[in-house]
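Accompanying notes for the structure given below.
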Amino acid sequence: MSSNAQAVSRRYPIPVEPRMPARGAKLGPVSDGHPDVPLATPVSKVGLREICLSYRTQSGERLLALDRINLQVRAGEFLCVVGPSGCGKSTLLHLIAGLHWQTSGQVLVDGRPVQGPGTDRILIFQEHGLFPWLTVAENVEFGMKMKGLPKAERIEKMRHYLRLVHLTKFEKSYIHQLSGGMRQRVAIARALATEPDVLLMDEPFAALDAQTRDLLHDELERIWSETGRTIIFVTHNVREAVRLGDRVVLLTFRPGRVKSEFPISLARPRSLEDPEVTLTAREVLDELRDEINRSLEAEYTAGIKPHIEPGVGA
Amino acid sequence: MKRAARYIIFYAALLGLWTLLAKLKIWPPYLFPTPWGVAESLYAGFQDQSYWIAIRVSMQRVLIGYGISVVLGMILGLGVASNKFLEETMGGLLVSLQSLPSICWWPLALLWFGLNQNAILFVVIMGSLLSVTLAMEDGRKQMPKIFGQAGRNLGAKGFQLFWYVLLPASLPFIVSGLKQGWAFAWRSLITAEMLYLSLGLGQVLMMGRDLNDMSAVIAVMLLIIAIGYIIDGVVFKGMERHLQNKWGLAPAN
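Structure (C-alpha cells):
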C-alpha cells in the first residue's frame with residue numbers, strides 16, 4: 018500500500034485536506050485538464066459542493082431542505098446515504114440526476130457541473146418507475162432507443178442485461194405481471210443498459226419483502242463488482258446501508274446536513290445477518306437516533322408523518 | 006346464455022309492440038311504418054348505393070374533423086396542463102365554452118367558410134375539440150409525475166419525451182375523453198349535415214322527411230345509431246381493453 022501511495026504523492030502534491038477513506042483508498046481519476054480543476058487534484062466521480070436547497074411551502078414560508086452538503090464519491094465506490102424521512106436524501110439524488118435544481122452550490126460529475134439529466138447518471142426509483150405500457154424488453158431498451166442505437170444492438174444489450182438480473186424468460190411480459198422484486202430487477206437492468214457511470218438508487222428495495230430484499234442485496238453486490246459502476250444508494254434502513262456500502266453518510270433531519278461518515282471496511286460479500294454488520298449498524302444508529310427523535314417531534318408538533326425503519330434489532 | 010336470452014326477449018317484445026301499434030293503424034302508415042317497411046327501405050337504400058355513399062361521405066368528414074380535434078386538442082390540453090398562466094386563463098374559458106352546443110357555431114361557420122364542407126368540418130371540430138382538450142389536460146395532470154422524470158432521466162427530451170412517454174403514459178386517463186369527443190363529433194356532424202344539402206347521412210335523413218317517407222327516416226336513424234355504436238363498441242372498447250391488458254388495470258365493471 019505504502020509504495021503505491023508514495024508513488025502517487027511523488028508525482029502529485031498531496032491535496033491540502035485529503036479525505037482518505039479508511040479502506041481501499043484509491044484516488045479518483047486525475048483531471049483531464051478541464052480549466053475549472055487544477056491538474057493533480059484527484060477528481061471525484063461525483064462531487065457535491067456546498068449544496069443548498071430551499072423551497073417555499075404552501076403557507077408561504079421558506080423551508081431549507083438541504084444545507085451546505087459537501088460530498089465526494091470516488092469512481093467505483095458504493096456510497097450509502099441514510100437519514101430520517103424528510104432529510105432530503107431523495108432530493109439529493111434528484112439533484113445529481115439533474116431532475117431538480119439546487120438553490121446554490123454545485124453538483125460535479127467528473128469535475129464538470131451537471132447541466133440537466135444525462136444518461137451517465139441513471140436514477141432507480143423506489144417503485145413505479147418502469148413504464149407499464151411497454152414490455153420488459155422495451156423498458157430495458159428505452160434508454161438505448163432514445164440514444165438512437167440500432168435495433169440489433171439494442172436487442173443484444175437488452176438480452177445481456179436481462180441475463181445479468183436473471184429475467185431472460187420475462188422479456189415479453191408487461192410490468193404488472195411481475196412481482197415487486199422482479200420489477201426492481203428490471204429497473205436495474207434498464208438503468209445498466211444505458212451504460213451509466215453512476216447508478217443513483219432511491220430506496221429501491223423499500224417496498225419489498227425481507228426475503229426478496231436479501232436476494233436483491235446479493236445480486237446488487239454482484240452486479241456492482243462485475244460492472245464496476247459507482248453507486249449512490251439512498252435508504253432509511255441503516256443495516257441495508259452497512260450491508261451494501263463502502264461508506265455510509267448520515268444526514269440530519271431538516272435541514273439535511275452531513276452529520277457523519279462511516280467508512281465500512283467489512284469483507285465482501287456480506288450478508289445482512291453478519292454480526293459485524295449488526296454491530297456497525299448499531300454504531301450508525303446511535304448517531305441517527307437523535308435525528309429520528311427530531312423527526313418524530315416534528316410529527317407530533319406539525320403533523321408531518323415520517324417513515325422510519327431503523328432496521329436494527331429486527 | 007341467460008343474458009342472450011334476456012336480450013332476445015326484450016328486443017322481440019319491442020318489435021312485437023311496434024308491429025302491433027302499426028297494425029292497429031292508430032296513425033296512418035306514412036307516419037308510423039311497420040318494421041318490415043323500415044327493413045325494405047334499408048334494403049333499397051343499400052341496393053341503390055345511396056346509403057353507402059352517404060355513409061362514406063359522413064365517415065370521411067367525421068374522421069377528418071375528429072382527427073384534427075384529437076391532434077389540436079392534445080397540443081392544447083398539454084399546453085394548458087403544463088403552463089400555469091394558460092391554465093388560469095384558458096382553463097376557465099374552455100370549460101365555459103363546452104356548455105355551448107356545437108351547432109351554435111354553424112352561423113359563424115357559414116359566414117367564415119361559406120356553404121361548403123369546411124363549414125361542416127368546423128362544426129365537427131368545435132364539437133369535439135373541447136372534450137379532447139379537457140381530457141388531455143386532465144390526463145396530463147393525473148399521470149404520475151414519475152414517468153416524465155424517468156423518461157428524462159433515460160435521455161428522452163422534447164418531442165421524444167412527448168411521443169414515447171407523456172402520450173402513452175396519459176392514454177389510460179384520456180381514453181374516456183377521446184370517446185366523449187368522438188360522440189360529440191358524430192352528433193355535430195349529423196346535425197350540421199341536416200342543415201345543409203351535402204350528401205351525408207344527415208341529408209338522407211332530411212330527404213326522407215321531405216318525401217314524407219317515414220320508413221326511410223327511421224332506417225337512416227338506425228344507421229346513425231349503428232355506426233355510433235360500432236365505433237364506440239369496437240374501436241374504443243378495444244382500445245380500453247388493450248390498455249387494461251398492458252397496464253394490468255381491473256376492467257371497468
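Chain order of the listed sequences is A and B. Mapped onto my numbering, the consecutive letters of the first sequence carry residue numbers 18 to 331. Mapped onto my numbering, the consecutive letters of the second sequence carry residue numbers 6 to 258. For glycine and all other residues, C-beta sits at the position ideal for the given N, C-alpha and C.
Exercise. My guess is that histidine 238 of chain A and proline 292 of chain A are in contact by the Cβ rule of under 8 Å, so how many angstroms apart are they, rounded?
Worked result: The residue you asked about is not histidine; residue 238 of chain A is glutamate in the sequence shown. Incorrect: roughly 18 Å between the Cβ atoms, too far for contact.
Exercise. How many whole angstroms separate the CB atoms of leucine 116 of chain A and proline 134 of chain A, which I take to be in contact at a CB cut-off of 8 Å?
Worked result: Going by Cβ atoms, the distance from leucine 116 of chain A to proline 134 of chain A rounds to 6 Å, so yes, they are a contact pair.
Problem set entry | Interface residues of chain A facing glutamine 154 of chain B [CB-CB closer than 7 Å] | The contacting residues are Leu116.
Problem set entry | leucine 159 of chain B: contacting residues in chain A (beta-carbon distance under 8 Å) | Thr136, Ile139, Phe159, Gly160, Met163, Arg207 and Thr211, listed in chain order.
Exercise. Just curious, the alpha helix (DSSP H) that phenylalanine 159 of chain A is in, first and last residue?
Worked result: Boundaries of the alpha helix (DSSP H) harbouring phenylalanine 159 of chain A: 153-164, taken from the DSSP string.
Problem set entry | Neighbouring residues, chain B, relative to tryptophan 150 of chain A (Cβ below 9 Å) | Within chain B, the residues near tryptophan 150 of chain A are Pro173, Ala174, Leu176, Pro177, Leu248, Lys251 and Trp252.
Exercise. Taking a cut of 7 Å between CB atoms, which residues from the segment 135-149 of chain B lie near chain A?
Worked result: Going along the segment 135-149 of chain B in chain order, one finds Pro149 with a Cβ nearer than 7 Å to chain A.
For this session: Under 7 Å between beta-carbons, which chain B residues line up against tyrosine 191 of chain A? List them in chain order, please.
Result: Per Cβ cutoff of 7 Å: Lys251 and Gly253.
For this session: Mind listing the chain B neighbours of glutamine 194 of chain A? Cutoff is C-beta to C-beta under 9 Å, in chain order.
Result: Those are Gly253, listed as they occur along chain B.
Exercise. How about glutamine 143 of chain A and proline 213 of chain A: are their beta carbons less than 9 Å apart?
Worked result: No, they are not a contact pair.
For this session: Mind checking who isoleucine 141 of chain A pairs with in its DSSP beta bridge?
Result: For isoleucine 141 of chain A, the pairing in a beta bridge is given by DSSP as A:Met218.
Exercise. Does the Cβ-Cβ distance between glycine 198 of chain A and aspartate 226 of chain A come in under 9 Å?
Worked result: Yes. Within cutoff.
For this session: Reducing DSSP to helix, strand and coil, say where isoleucine 69 of chain B ends up.
Result: If DSSP states are grouped into helix, strand and coil, isoleucine 69 of chain B belongs with the helices.
Exercise. Nearest to methionine 163 of chain A by CA position, among A:Arg207, A:Val255, A:Gly146 and A:Gln132, is which residue?
Worked result: Of A:Arg207, A:Val255, A:Gly146 and A:Gln132, the residue nearest in Cα terms is A:Arg207.
Exercise. If you compare alpha carbons, which of A:Leu184, A:Phe187, A:Leu181 and A:Ala154 is closest to isoleucine 172 of chain A?
Worked result: Taking each of A:Leu184, A:Phe187, A:Leu181 and A:Ala154 in turn and checking the Cα distance to isoleucine 172 of chain A, the smallest one comes out for A:Ala154.
For this session: Give the residues of chain B in contact with glycine 146 of chain A, contact being defined as C-beta atoms less than 7 Å apart.
Result: The answer, in chain order, is Ile151 and Ala155.
For this session: Determine, using beta carbons only, whether phenylalanine 142 of chain A comes closer than 9 Å to chain B.
Result: Output row for phenylalanine 142 of chain A: interface = yes.
Exercise. Looking only at its own chain, which residues have a Cβ that is under 7 Å from the Cβ of valine 259 of chain A, when we skip the five neighbours before and after it?
Worked result: The beta carbon of valine 259 of chain A sits closer than 7 Å to those of Val265, Ile281, Val294, Thr297, Ala298 and Val301, all from its chain and outside the five residues before and after it, given in chain order.
For this session: State the DSSP-derived secondary structure class of glycine 273 of chain A, mapped to helix, strand or coil.
Result: Of the three classes helix, strand and coil, the one that applies to glycine 273 of chain A here is strand, per DSSP.
Exercise. Can you find a C-beta in chain B that's less than 9 Å from the C-beta of histidine 234 of chain A?
Worked result: At a cut-off of 9 Å between beta-carbon atoms, histidine 234 of chain A makes no contact with chain B.
For this session: Give the DSSP-derived three-state secondary structure of threonine 297 of chain A in the structure shown.
Result: Threonine 297 of chain A sits in a helix when the DSSP states are folded into three classes.
Problem set entry | Residues bridged to arginine 66 of chain A (per DSSP) | Paired residue(s): A:Gln123.
Exercise. Hey, would you say valine 275 of chain A sits closer than 9 Å to isoleucine 86 of chain A, going by beta carbons?
Worked result: For the 9 Å CB-CB criterion, valine 275 of chain A and isoleucine 86 of chain A form a contact.
Exercise. Can you tell which of B:Tyr201, B:Lys184, B:Thr138 and B:Arg214 has the C-alpha that lies nearest to the C-alpha of alanine 86 of chain B?
Worked result: Checked all of B:Tyr201, B:Lys184, B:Thr138 and B:Arg214; the closest Cα to alanine 86 of chain B is B:Thr138.
Problem set entry | Backbone CA spacing between lysine 89 of chain B and methionine 95 of chain B [nearest angstrom] | Answer to the nearest angstrom: the Cα atoms are 10 Å apart.
Exercise. Beta-carbon of lysine 89 of chain B versus every beta-carbon of chain A: anything under 9 Å?
Worked result: The Cβ of lysine 89 of chain B sits no closer than 9 Å to any Cβ of chain A.
For this session: Give me the Cα-Cα distance between leucine 25 of chain B and leucine 19 of chain B, rounded to the nearest whole angstrom.
Result: Note on geometry: alpha-carbon atoms of leucine 25 of chain B and leucine 19 of chain B lie some 10 Å from one another.
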